[in-house]
Each structure stands twice: as structure tokens, then as C-alpha cells.
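Add 18 to a position in the sequence shown, counting from 1, and you land on the number used in my numbering. For glycine and all other residues, C-beta sits at the position ideal for the given N, C-alpha and C. Quick caveat, the model's predicted, so the values are computed rather than measured. Please read the structure below before turning to the comments.
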Amino acid sequence: MAFMLPVHISNSVDQIKVIGARVTVVNLRNNVILVDTGFKGSLGLIKSGLTRLGLSLEQVSTIVLTHYHPDHFGSLEKVVAATSASVAVHESEVGIIEGSEKTPSPFANPLLRSVTAPFIRFTAGGPVRVKHQLRDDSYIPGSEDVRIIHTPGHTAGSISLLIESEKVLIVGDALQNRFNRISGPSKLVTRNYATALRSLRKLLDFDFEVICFSHFRPIYGDAHSVLKAWLDTQET
Ligand SMILES: [Zn+2]
Ligand SMILES: [Zn+2]
19 MAFMLPVHIS NSVDQIKVIG ARVTVVNLRN NVILVDTGFK GSLGLIKSGL TRLGLSLEQV
79 STIVLTHYHP DHFGSLEKVV AATSASVAVH ESEVGIIEGS EKTPSPFANP LLRSVTAPFI
139 RFTAGGPVRV KHQLRDDSYI PGSEDVRIIH TPGHTAGSIS LLIESEKVLI VGDALQNRFN
199 RISGPSKLVT RNYATALRSL RKLLDFDFEV ICFSHFRPIY GDAHSVLKAW LDTQET
């Protein structure tokens with residue numbers, strides 16, 4: 019199917035399926051934030067998804083990346099050019115997004131990483147200026163309802179976002195929900211799995227009911243207890 023309907027998450031949150039990932043749309047009183055942008059070539063799907071939601075690219079104020087992997091960052095340059103949005107990423111990944119640092123290969127295995135390194139630039143997004151350098155325990159500028167939680171491990175600058183008023187947690191790739199079973203991030207493309215698990219334990223300090231993933235169906239209602247129950251089965 020060329021186009022899939024957006025996935026409704028909560029009053030202000032929907033997801034659009036694009037190439038290789040889901041783009042999360044947060045619409046707080048007509049202040050529209052996009053979380054991630056999909057692989058290169060996703061702009062058309064983002065545009066038609068926004069139209070389905072009664073929104074337009076021109077309304078997007080901010081684009082937040084959960085991390086620099088090409089399935090999140092690939093279309094950033096095109097989406098920025100089509101909107102007047104400012105870009106927000108964790109402070110440790112600004113150099114990659116702005117192009118002053120090479121985009122690392124996502125693979126955890128050193129051999130796979132070096133073999134794939136020369137090709138990553140073909141899938142990575144083009145350089146884009148970052149307006150907002152995000153830190154742990156802060157808010158998206160202009161969107162005081164959207165809290166940033168630094169959840170390193172999948173990448174050093176991976177972040178999760180909590181829509182506090184709706185108890186919706188957006189985790190990017192920090193968690194998976196494969197075949198409707200929650201699990202940690204993919205070990206194939208996670209730089210430090212032990213750090214990633216520590217980040218997931220930190221998430222339990224927050225009040226959320228729904229988890230949105232970048233590649234899987236959301237968990238509604240009891241997401242906090244689902245995460246806690248799974249973490250209880252994991253060794254530190
Ligand atoms: Zn990733
Ligand atoms: Zn991903």
C-alpha cells in the first residue's frame with residue numbers, strides 16, 4: 019500500500035508511517051512538532067500524513083530527532099527546506115547533524131561498523147543547522163509540555179520525549195515492541211546495551227501510560243507496568 023493512515027495515539031499525538039520508521043506528530047494548540055523524519059525520500063509521505071491530520075508542513079515549528087540514525091535523520095534536510103521549522107537534537111549529536119562530524123555507522127560490531135562506514139554517507143541526512151541543543155531534564159523551547167529525557171545507550175545522544183499532560187512517552191529506538199513483546203533496543207545497532215538498560219530504568223521515574231516506538235505498534239494504557247515488568251526480568 020502506497021499510503022497508510024496515520025496511527026492515532028492521544029489527543030495531541032499521532033504517528034505517520036514513512037520509509038523505514040514512524041514520524042511522531044505532536045500538535046499542541048497548533049504548535050506542531052515532528053519527532054524524526056524517516057529515511058531519505060520520506061518527505062511526500064510526511065506531507066500527505068499531515069494533510070490527513072488536517073495539518074500542513076508550514077505549521078511545523080520544530081523537528082526533534084531522537085538520534086542520528088539514517089532512518090530518523092535521512093529526510094531531515096528536505097523536511098527542513100519544506101518547512102520553516104527549527105531543529106532540535108541532543109547536544110552530543112549536534113556535530114553529526116550539522117555535518118562537522120562524520121555520521122558513524124549504526125552497527126555495534128566493530129567489523130561491521132568499519133565495513134559499512136564508507137557507505138553511511140549515502141543514507142545519512144544532509145547537514146542542517148541545529149537551533150536547539152537539548153539536555154536531559156529540559157523542555158522543547160516553546161513547548162513547555164514536552165519534556166526531554168536523555169536515554170543514552172542506543173546512541174550516546176538518544177533522547178525520549180514525554181508529553182506530560184497526556185502521559186505519552188516517545189522512545190525512538192530505546193525500546194522495541196516486536197510481535198507485541200517489549201524488549202531492549204536492537205543489539206545489532208546499539209552502541210552500549212548496558213547503558214541503554216540503565217536509561218530504561220530511569221524512565222520508570224516518570225509518569226506515563228502510553229509508549230510510542232519508532233518501528234513498532236504503541237502500547238496503550240498500562241505501558242509503565244509493562245516496562246517495569248520486563249525490566250524486572252533483566253539483569254542490571
Ligand atoms: Zn536507531
Ligand atoms: Zn530506527
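Look at the alpha carbon of phenylalanine 91 and the alpha carbon of phenylalanine 57, and state the distance between them as a whole number of angstroms. The residue labelled residue 91 in the question sits at position 73 within the sequence shown. The residue labelled residue 57 in the question sits at position 39 within the sequence shown. Distance from the CA atom of phenylalanine 91 to the CA atom of phenylalanine 57, rounded to whole angstroms, is 7 Å.
Alpha-carbon spacing of proline 203 relative to phenylalanine 125, whole angstroms: As a working mapping, residue 203 is identified with position 185 in the sequence shown. As a working mapping, residue 125 is identified with position 107 in the sequence shown. Cα-Cα distance, rounded: 12 Å.
Neighbouring residues (CB closer than 6 Å to any heavy atom of ligand 2): My final list is Ala39, His87, Asp89, His90, Asp191, Ser232 and His233.
Specify, as a first and last residue, the run of the alpha helix (DSSP H) that arginine 209 falls within. On the sequence shown, position 191 is the one that residue 209 refers to. No alpha helix (DSSP H) holds arginine 209; DSSP gives it neither H nor E.
Residue burial classification, glutamine 33 (beta-carbon count within 10 angstroms, cutoff 16): To locate residue 33, count along the sequence shown from 1; it is residue 15. Result: buried.
Comparing the C-beta of leucine 46 with each C-beta of chain C, is any distance below 8 Å? The structure shown contains no chain C; it is built from a single protein chain.
Are proline 145 and serine 217 close, meaning C-beta to C-beta below 8 Å? For the purposes of this step, residue 145 is identified with residue 127 of the sequence shown, where counting begins at 1. For the purposes of this step, residue 217 is identified with residue 199 of the sequence shown, where counting begins at 1. In terms of Cβ geometry, proline 145 and serine 217 do not form a close pair [threshold 8 Å].
Determine the contact status of alanine 174 and alanine 192, defining contact as a CB-CB distance below 8 Å. The residue labelled residue 174 in the question sits at position 156 within the sequence shown. The residue labelled residue 192 in the question sits at position 174 within the sequence shown. One thing to note: alanine 174 has its Cβ no nearer than 8 Å to the Cβ of alanine 192.
Do you know how far the Cα of phenylalanine 226 is from the Cα of leucine 46? Position 28 of the sequence shown, counted from the start, is the residue given in the question as residue 46. Position 208 of the sequence shown, counted from the start, is the residue given in the question as residue 226. Cα-Cα distance, rounded: 17 Å.
Does DSSP put serine 28 in a helix, in a strand, or in coil? Position 10 of the sequence shown holds residue 28. Secondary structure of serine 28 (DSSP, three-state): strand.
Coarse secondary structure for threonine 173, derived from DSSP in three states: As a first step, residue 173 is located in the sequence shown; it is residue number 155 there, counting from the start. Correct three-state label for threonine 173: coil.
Buried/exposed call for lysine 96, threshold 16 Cβ in 10 Å: Taking the sequence shown and counting its residues from 1, the one referred to as residue 96 is at position 78. Result: buried.
For phenylalanine 140 and proline 122, I'd like the C-alpha separation in whole angstroms. Within the sequence shown, residue 140 is the residue found at index 122, counting from 1. Within the sequence shown, residue 122 is the residue found at index 104, counting from 1. Cα atoms of phenylalanine 140 and proline 122: separation of roughly 12 Å, rounded to the nearest angstrom.
With respect to the beta strand (DSSP E) encompassing leucine 73, which residues constitute its N-terminal and C-terminal limits? The residue given as residue 73 occupies position 55 in the sequence shown. Counting along the chain, leucine 73 sits inside no beta strand (DSSP E), nor does DSSP assign it H or E at all.
Give me the residue from Ser104, Ile51 and Leu52 with the minimum Cα distance to histidine 150. For the purposes of this step, residue 150 is taken as residue 132 along the sequence shown, with counting starting at 1. Closest in C-alpha terms to histidine 150, from the list Ser104, Ile51 and Leu52, comes Ser104.
Taking the C-alpha atoms as reference points, what is the distance between leucine 83 and aspartate 54? Your numbering for residue 83 matches position 65 in the sequence shown. Your numbering for residue 54 matches position 36 in the sequence shown. For the pair leucine 83 and aspartate 54, the Cα-to-Cα distance works out to about 5 Å.
Name the residue from Ser232, Lys220, Asn127 and Asn49 whose alpha carbon lies nearest to the alpha carbon of isoleucine 167. Translated into positions along the sequence shown, residue 167 becomes position 149. Among Ser232, Lys220, Asn127 and Asn49, the Cα nearest to that of isoleucine 167 is on Lys220.
Label proline 236 either buried or exposed according to how many other C-beta atoms from any shown protein chain fall within 10 Å of its C-beta, with 16 as the threshold for buried. Counting from 1 along the sequence shown, the entry for residue 236 is found at position 218. Burial call: buried.
CB of serine 66 within 8 Å of CB of valine 44, strictly: Counted from its first residue, the sequence shown places residue 66 at position 48. Counted from its first residue, the sequence shown places residue 44 at position 26. Cβ atoms of serine 66 and valine 44: not closer than 8 Å.
Out of curiosity, what's the CA-to-CA distance linking serine 79 and serine 102? Here the question's residue 79 lines up with position 61 in the sequence shown. Here the question's residue 102 lines up with position 84 in the sequence shown. Approximately 7 Å between the Cα atoms of the pair.
Just to check my reading of the structure: tyrosine 86 and isoleucine 114 have Cβ atoms closer than 8 Å, yes? What is that Cβ distance to the nearest angstrom? Translated into positions along the sequence shown, residue 86 becomes position 68. Translated into positions along the sequence shown, residue 114 becomes position 96. Confirmed, Cβ separation roughly 5 Å.
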